[in-house]
Amino acid sequence: MSNVETALKDAASIDGAIGAALVDYTSGMALGTIGGGKELDLNVAAAGNTDVVRAKVRAMEMLNINEEIEDILITLGSQYHLIRLLKSRTSQGLFLYLALSKDRANLAMARHQLKKIEADLEV
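Residues in the sequence shown are numbered consecutively from 1, following full-length UniProt numbering.
Right, dumping it as C-alpha cells:
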C-alpha cells in the first residue's frame with residue numbers, strides 16, 4: 001500500500017508526465033500535487049476537472065447508466081489529461097489527475113500505470 005506522496009511520485013514518473021494531482025471532487029481541492037509549474041497550475045486544474053467529473057457523474061445518473069467510470073480522457077493538441085476516479089472504500093470521492101505530453105506519452109501504458117497506482121493507494 002502506498003500513501004499519497006508515493007502515489008503522486010509514481011504518477012509523475014510515467015513517461016510524458018507533466019504533472020499529477022490527487023483531488024477530492026466533493027470540494028474541488030487537491031490533496032496533493034506534483035509537477036506542473038508555469039506550464040500547468042495543478043490547483044486550477046484540480047478545481048476545473050472537478051466540474052468535469054461532477055458533470056459526467058450527473059449525466060450517467062440522468063441516463064440511468066449503472067456502471068462505474070474508470071477514467072475520463074481529455075485530448076488537447078499537445079497534451080492528454082487523464083482523470084481516474086478512485087473506487088476503493090477509503091477513497092470514495094477522489095480522483096487521480098495526470099497531465100501528459102502527447103509526443104512523449106504512451107496513453108495505453110499511462111492508463112495501465114494509473115490503474116496500478118490506484119490499486120496500491122491507501123488514503
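Backbone N, C-alpha and C fix where the C-beta goes; we use that ideal spot for every residue, glycine too.
Separation of residue j from residue i, as counted between CA atoms
i	j	result
Ile14	Arg104	10 Å
Leu100	Leu82	8 Å
Leu76	Val123	30 Å
Phe95	Gly37	20 Å
Thr33	Leu22	7 Å
Met60	Gly19	28 Å
Gln92	Val57	13 Å
Anticipated Cβ contact below 8 Å, residue i with residue j, distance rounded
i	j	result
Leu121	Ala7	5 Å
Helix, strand or coil at residue i according to DSSP, with G and I counted as helix
i	result
Ile14	coil
Gly19	strand
Gly32	strand
Thr26	coil
Ala105	coil
Closest residue to residue i among the options (Cα-Cα distance)
i	options	result
Ile72	Val4, Val52, Asp24 and Tyr25	Val52
Glu118	Gly93, Gln79, Ile34 and Leu86	Leu86
Leu114	Ile74, Ser78, Thr26 and Arg84	Arg84
Residue i CB to nearest heavy atom of the ligand MN below 7 Å
i	result
Ala12	The model depicted lacks the ligand MN and carries no ligand whatsoever.
Chain D within 8 Å of residue i, Cβ atoms only
i	result
Lys38	The structure shown contains no chain D, having only a single protein chain.
Does the structure place the region 99-114 close enough to the region 5-25 that three or more beta carbon pairs sit under 8 Å?
yes
contact_flag[the region 27-46, the region 58-66] where n(CB pairs < 8 Å) is 3 or more
no
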